[in-house]
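Novice: After the structure tokens below, expect a handful of questions from me.
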Amino acid sequence: MPTTFEWFATLLLPLIVTSISYTILPGAASYSRQWILYMFLDATYGQLFHLILLIPSRWIASRLAGSTMPPLRDEKRLSEQEEQTNDPSIAWPSSDAIKNLPQDWIVQEGNGGNETGVSEVLDAAGSSTSRTHSSSKKRRSAKINNKPSSIKHKDNTNALHSNKPNGEPTVKIKQPYYLNHVRGSTRIRHVSQRIGAAMGTLFSSYVLCSISSLVTFDDVGLGSSSLKRAPFDVLCGLVVGSSIVVFIFLLELKMGWIKIVGTFETVVLEEIFALNFAWDVLFHVGVSINEELMLRGWMFILGCHGLLTTALDWFEQPSNAAIFAIAMSIVLQSTLFAFLHLYSPGSTVVSLLNLFFGGIAAACNVMVAGGTLWLGIGWHFGWNITMGHILGRSTSGIPMSCAVVSVVPRPDSSYEKYHGGTFGPEQGVLAPLAYILGMLMVIAVYGWDDLEMWR
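One rule links them: number in my numbering = place in the sequence shown (from 1) + 95.
This is how it looks when you write it as structure tokens:
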């Protein structure tokens, strides 16, 4: 359990930042100062709500089928387990699923025979090559996602370094089927962090909007004036976000980049699918609210207000100042959105560029919907839940405990640039096309009227 000092610090910090906010904001506070205060409030209240929710989530997790939790008093081991992006004790795919894969997709421990295994090796110069090992050679390839204990890298690669004489190649053994998996008992504790973050974002917004003379809930996209159309906006976003993921999935399937290996599966057999799926739904509800309100509400909408007040002194035409403020705010929030995923499993420059483009699409959602966040929240949730837990594809490397459709990405490094590897389709070649398709669908429904009115 958290120590007394951790509880004290977690309770005290939000009170300190709130007190500072009440001191500063009733006066002539700038937009930038309010944004800084919001970020501090968001971080401190998010941690507070997370800690409050973590206690019951651990209690529930310890009683779930398939749980391998350490004792509740062992805070160190509990924290390590909760920070896992992949549980090495889980063997995935199952042996039955492996049998149904094409022969050239099978990656397994080689000990002779006629099967073909693929492993990646490093030559003496350190360059990477792919080798096919026939039955006449001793094969060194990965176990079926029973990841051996090894050196961990950001891209979830497990590397075993053999000390071979005379510059012989060193085998680099990868997590062969890319995807990250954890138990449902770990997933529910991930939920406490994400729901806690969303609660912190909402409460921080309430505090600042209550005492600020410049910002209201309408200004950050969740005001009462937007509630009448919220159900339609959320539903539209959900349909669009889900549809473009289905578009990616069908193309990947058609191109032979992924294979379906099962339906309605949990990665631990004794776990209950409905429960695990419920944890995933709650997790992505938290992600969608937290990221949309923070990035598109405060960073984008408030950024437009703040930059406009400055840009009016730089441009003769107010319309040019507005265009500048919108463009800069889009760039700033899209950059932050991308860099929030910098340390996600498997992230590369390609994933960051794709997510930057995704941030642009999310900003367009706000403008086309007239300055509200509900459309973006629906899109974000539909994208994440469909990609990660309905169609079984990795979503920014987020681990899964179940999927309606279980799939295997092709275990060949030359295909990673297509299907995205461990990070998933957001690092693949189809993501930009999906974002464009989604924006066109939204514009087809909403038109340009709200965009002009919002501007």
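Each residue gets a CB set at the ideal place from its N, CA and C atoms; glycine is no exception.
Indicate the three-state DSSP secondary structure (helix, strand or coil) for G357 in the structure shown.
Specialist: Reduced to three states, the DSSP call for G357 is strand.
Novice: Measuring only the C-alpha atoms, how far is P402 from S424?
Specialist: Position check: residue 402 holds Leu in this sequence, whereas Pro was assumed. Rounded to whole angstroms, L402 to S424 spans 8 Å at the Cα level.
Novice: Using 8 Å for Cβ pairs, my map puts G161 next to G332. What's the rounded Cβ distance?
Specialist: About 34 Å separates the two Cβ atoms, so there is no contact after all.
Novice: Determine whether the beta carbon atoms of G392 and V335 lie at a separation below 7 Å.
Specialist: Going by C-beta atoms, G392 is not nearer than 7 Å to V335.
Novice: In this structure, how does DSSP classify H276 when only helix, strand and coil are distinguished?
Specialist: In the structure shown, H276 sits in a strand (DSSP, three-state: E or B).
Novice: With a 10 Å radius around its C-beta and 16 neighbouring C-beta atoms as the bar for buried, classify W187 as buried or exposed.
Specialist: Buried, by the Cβ-count rule.
Novice: According to DSSP, is A433 part of a helix, a strand, or is it coil?
Specialist: DSSP places A433 in helix when its eight states are reduced to three.
Novice: How long is the line joining the alpha carbons of G291 and Y513, rounded to whole angstroms?
Specialist: Whole-angstrom Cα-Cα distance: 35 Å.
Novice: Which word fits K194, buried or exposed, when buried means at least 16 other C-beta atoms lie within 10 angstroms of its C-beta?
Specialist: Exposed, by the Cβ-count rule.
Novice: Pull up the CB-CB distance for P109 and L132, whole angstroms please, since I reckon it's below 8 Å.
Specialist: About 12 Å; that fails the 8 Å criterion.
Novice: Can you list, in chain order, the residues of its chain with a C-beta nearer than 6 Å to that of F312? Leave out the 5 residues immediately preceding and following it.
Specialist: The residues are C304, G318.
Novice: Pull the bridge partners of S554 from the DSSP assignment, please.
Specialist: The requested residue 554 is not part of the displayed model; the chain covers only 96 to 550.
Novice: Rounded to whole angstroms, what is the Cα-Cα separation between V540 and D328?
Specialist: Distance between the alpha carbons of V540 and D328: 10 Å.
Novice: Taking just the CA atoms, how far does V277 sit from N258?
Specialist: Only weak support exists for where N258 lies, its pLDDT of 41 falling under 50; the value from the coordinates is given anyway. N258 and V277: Cα-Cα distance of roughly 32 Å.
Novice: So, S299 versus H145, is the Cβ gap smaller than 7 Å?
Specialist: Contact flag unset, no.
Novice: Quick check on this structure: which residue in A420, A104, S152 has the alpha carbon closest to the alpha carbon of C399?
Specialist: Checked all of A420, A104, S152; the closest Cα to C399 is A420.
Novice: Looking at the secondary structure, which residues open and close the alpha helix (DSSP H) in which H484 lies?
Specialist: Unbroken run through H484: none, as it is neither H nor E.
Novice: Going straight from the alpha carbon of H379 to that of E411, what length do you get?
Specialist: Those two C-alpha atoms are separated by around 44 Å.
Novice: When you compare only the Cα positions, how much space is there between L297 and A138?
Specialist: Rounded to whole angstroms, L297 to A138 spans 12 Å at the Cα level.
Novice: Compare the C-alpha of V363 against each of Q176, Y126, I185 and name the closest.
Specialist: Closest by alpha carbon: I185.
Novice: Chain C beta carbons: is any one of them nearer than 7 Å to that of P166?
Specialist: The structure shown contains no chain C, having only a single protein chain.
Novice: Spatial neighbours of G487 within its chain, please: C-beta separation below 6 Å, excluding the five flanking residues on both sides.
Specialist: Result list for G487: A498, V500, S501, V502, in chain order.
Novice: Give the DSSP-derived three-state secondary structure of S308 in the structure shown.
Specialist: Note: S308 maps to coil in three-state DSSP.
Novice: Should the stretch 456-472 be called in touch with the stretch 337-351, which here means at least 3 C-beta pairs below 8 Å?
Specialist: The stretch 456-472 is not in contact with the stretch 337-351.
Novice: Name the two residues that bound the continuous alpha helix (DSSP H) containing A565.
Specialist: Nothing can be reported for residue 565: it is not among the residues displayed for the chain, which extend from 96 to 550.
Novice: Taking one C-beta from the stretch 165-185 and one from the stretch 368-379 each time, how about it: are there three or more such pairs within less than 8 Å?
Specialist: Judged by Cβ distances under 8 Å, the stretch 165-185 makes no contact with the stretch 368-379, as fewer than three pairs qualify.
Novice: Starting from A138 and walking both ways along the alpha helix (DSSP H), at which residues does that stretch end?
Specialist: A138 -> alpha helix (DSSP H) spans 126-156.
Novice: In the DSSP output, which residue or residues are listed as bridge partners for V500?
Specialist: According to DSSP, which records beta bridges pairwise, V500 is partnered with T358.
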